[in-house]
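In this note's numbering, the protein residues as written are 18 to 386.
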């Protein structure tokens with residue numbers, strides 16, 4: 018490998034929380050940084066501190082009035098009732114919190130930087146990215162800004178035309194589809210839970226339309242492998258992208274409290290590995306993930322895959338220390354965590370029967386490419 022992958026991170030994610038009872042109260046990116054370093058996988062020369070996007074940069078896609086209100090809301094820690102209704106700020110899902118502008122602006126800054134760094138090719142990992150629900154004029158689904166959109170825009174500004182955007186988060190990327198759903202030079206593929214919020218992403222039909230594949234509850238590793246080999250890889254190979262952006266949300270695993278799927282982290286790692294080399298540029302983003310152990314272990318493993326690291330059967334003491342330092346006692350899944358959440362990265366593989374309806378949906382989409 019001539020140029021090693023680069024990890025874009027920030028200390029803003031350490032201790033930053035959406036509030037005591039919000040699903041994003043848990044540490045995520047800081048866990049990945051700490052665990053990767055504990056494994057010896059994140060030397061200083063592969064780590065880049067994310068810049069923060071300025072308002073003028075954000076206005077390339079977001080409405081200027083929304084950006085202004087978001088910035089002001091962080092400063093005053095309040096919004097008016099009219100602003101709450103119009104911009105969906107100060108709601109249960111998009112609450113007022115201390116870093117409500119700086120944190121998402123850091124995610125966008127990392128996405129903009131990634132597009133620049135990938136101008137000549139390479140691999141970038143930005144686990145703080147992946148806020149795929151943000152809309153131009155309002156917050157949406159925990160997402161105040163939409164960094165995947167800015168990653169695509171940045172790649173375009175740096176000479177990349179054909180981009181494949183692949184999203185394996187449990188939730189459909191409605192914000193990214195709003196931005197690029199009718200763009201013939203952007204192949205969009207989303208694998209998401211059927212009927213889960215935002216309840217968009219009906220079965221897609223190919224062509225310039227997004228390839229949306231809603232899947233049933235308890236969708237497992239064998240089924241994701243079928244989708245990977247039967248739909249994702251053939252679609253990407255036929256499209257011949259100059260860059261791939263993968264939103265690798267960790268909320269599709271069985272232990273996540275916000276979805277009803279049954280994947281292990283093996284499924285995500287296998288998709289990352291399969292996409293490597295299919296385009297000269299690869300950007301991997303984070304996304305959803307609300308169990309601190311499952312998201313930290315999954316995203317650390319993604320970084321290992323990108324660097325061709327062998328996943329140890331048991332973590333070193335320093336790695337165990339990171340995971341034993343997490344807490345999730347306010348959720349039933351975290352009150353009695355199993356020992357392997359502390360001692361391993363890899364989940365047990367979760368196999369099962371491939372539903373005939375899934376086979377039919379995949380073949381339907383594939384036939385329309």
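Note that beta-carbon positions come from the ideal geometry of N, C-alpha and C, so glycine has one too.
Beyond the five residues adjoining it in sequence on each side, residue 252 comes within less than 7 Å, by CB distance, of 204, 206, 228 and 386 in the same chain, given in chain order. In the three-state DSSP reduction, residue 210 falls in the strand class (E or B). The alpha helix (DSSP H) runs lying completely inside the segment 70–115 and spanning 4 residues or more are 72–75, 81–93 and 98–104, given in chain order. Rounded to the nearest angstrom, the Cβ distance from residue 260 to residue 130 is 15 Å, too far for a contact under 8 Å.
Taking a C-beta distance under 8 Å as the contact criterion, residue 72 and residue 84 qualify as a contact pair. In this chain, residue 29 is not harboured by any beta strand (DSSP E), its DSSP state being neither H nor E. Residue 155 carries a strand assignment under DSSP once its states are collapsed to helix, strand and coil. By the CB criterion at 8 Å, residue 233 and residue 211 fall inside the cutoff. Taken in chain order, the whole beta strand (DSSP E) runs of length 3 or more contained in the segment 247–289 are 260–264.
Within the DSSP bridge table, the entry for residue 230 names 208 as partners.
Counting along the chain, no alpha helix (DSSP H) covers residue 301; the unbroken beta strand (DSSP E) around it starts and ends at 298–302.
If only complete runs of 4 or more residues are kept, the segment 161–210 shows the alpha helix (DSSP H) at 164–174 and 191–197, in order along the chain. For residue 124, the closest of 59, 24 and 320 by C-alpha to C-alpha distance is 24. Following the DSSP letters along the chain, one finds residue 243 in no beta strand (DSSP E) but inside the alpha helix (DSSP H) bounded by residues 238–244.
The three-state reading of DSSP puts residue 66 in strand, counting E and B together.
Looking from the CA of residue 315, the closest CA among 266, 214, 339 and 154 belongs to 266.
In the three-state DSSP reduction, residue 138 falls in the coil class, being neither helix nor strand. Taking all protein chains in view, the Cβ of residue 254 is surrounded by fewer than 16 other Cβ atoms within 10 Å, so the residue is classified as exposed. A residue is called buried once 16 or more other Cβ atoms fall within 10 Å of its Cβ, and residue 109, having fewer, is exposed.
Looking at the backbone, the Cα of residue 348 and that of residue 30 are separated by about 21 Å. Inter-residue distance for residue 358 and residue 283 is about 14 Å (C-alpha atoms, whole angstroms). Here the alpha carbons of residue 59 and residue 370 stand approximately 38 Å from one another. For residue 314, the enclosing alpha helix (DSSP H) starts and ends at 309–323. Take residue 91, set aside five residues on each side of it, and the residues of its chain with a beta-carbon closer than 6 Å to its own are 117 and 118, in chain order. Partner residues in the beta bridge of residue 143, as assigned by DSSP, are 302. DSSP places residue 364 in the coil class of the three-state scheme, outside both helix and strand. In this model, residue 145 and residue 365 are separated by some 26 Å (Cα to Cα).
Closest in alpha carbon position to residue 56, among 368, 338 and 132, is 338. At least 8 Å separates the beta-carbon of residue 367 from that of residue 226. The way I'd put it, the segment 324–336 does touch the segment 38–56; three or more beta-carbon pairs between them come closer than 8 Å. In the structure shown, the three-state DSSP call for residue 345 is coil.
Residue 81 counts as exposed, since fewer than 16 other C-beta atoms from the protein chains shown sit within 10 angstroms of its C-beta. The beta carbon of residue 21 lies closer than 6 Å to those of 63 in the same chain, with the five residues before and after it left out. Closest in C-alpha terms to residue 27, from the list 273, 377, 51 and 43, comes 51. In terms of Cα proximity to residue 286, the closest of 122, 301 and 277 is 301. Cα atoms of residue 49 and residue 305: separation of roughly 14 Å, rounded to the nearest angstrom.
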